[in-house]
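Here is the structure we will look at, set down as structure tokens.
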């Protein structure tokens, strides 16, 4: 029993030490902010937060409006067309693949927007005059998340084009067969 | 005793509802708060488009109908490069390091 306790204590100390060492190494990789930079953040941060507030509001509206359109494309266009193709005993496999890719990207868009909005809300709650470094770090994090949302938007546009390409191919094949 | 129990159950259920409201993503879509008053009226009310019919023959007319509606609806999203730009850059917010650093 005593031996097991000693072994456990040594193991815990070793793991704890390794973890603290890794944290120290990581901290050394991040450059420290200068006093001049911190002072600049303090002097401009209230205006910056006001800008971010406006961005938060406009992004929320954009999310609602664009989100409605993305949903409509999936549920009122892609899904019923895929069903109608299947009912007419045509090959809908490529259309299904394209619409599945679109739906997956749309789900990622929703999830990533939620993360971005939560990060933005946290940023706006920080007292930037008292915590300029935390505010700066939070802005950096929020910016990265917004960039991720933008990449989802770009991918959704690509998926929309891909579905259209499959639609065109199906149409060409269908009426080529009819002509023959 | 019964009143206390009723209130406790009500608080518990409200807590669950709030947790679902936040976790489901509905909070991000809710423009009814006072902070969104300026943009509430700009929220799209929805098209009168009822959707492409999911049954029926797929003749050239049906393909044309789908193409017309698909192009019309997708143009609304592809014409807008949402969430782009450097609006959140350090320079735009004036929180970038001072010149010379």
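Protein chains in written order, with our numbering: chain G, 107 to 286; chain R, 1118 to 1218.
Where is the CB? At the ideal position from N, CA and C, for every residue including glycine.
Keep in mind it's a predicted model, so treat the numbers as computed, not measured.
- The CB of residue 1187 of chain R comes closer than 9 Å to the CB of 179, 183, 184, 187, 266, 269, 270 and 273 in chain G, given here in chain order.
- Between residue 1156 of chain R and residue 227 of chain G, the gap from beta carbon to beta carbon reaches 8 Å or more.
- For residue 210 of chain G, the nearest beta carbon of chain R is not closer than 8 Å to its own beta carbon.
- CA-to-CA, the gap between residue 1205 of chain R and residue 153 of chain G works out to about 13 Å.
- Judged by pairs of C-beta atoms under 8 Å, the region 258-276 of chain G touches the region 1175-1192 of chain R, as three or more such pairs exist.
- Look at residue 223 of chain G here: in three-state DSSP terms it is helix.
- Using a Cβ distance threshold of 8 Å, residue 171 of chain G and residue 1160 of chain R count as a contacting pair.
- Excluding the 5 residues flanking it on each side, residue 209 of chain G has same chain C-beta neighbours closer than 7 Å at 180, in chain order.
- Residue state for residue 262 of chain G is assigned as helix, using DSSP reduced to three classes.
- The Cβ-Cβ distance between residue 1145 of chain R and residue 220 of chain G falls below 8 Å.
- Closer than 9 Å at the C-beta level to chain R, one finds these residues of the region 240-251 of chain G: 241, 242, 245, 246, 248 and 249.
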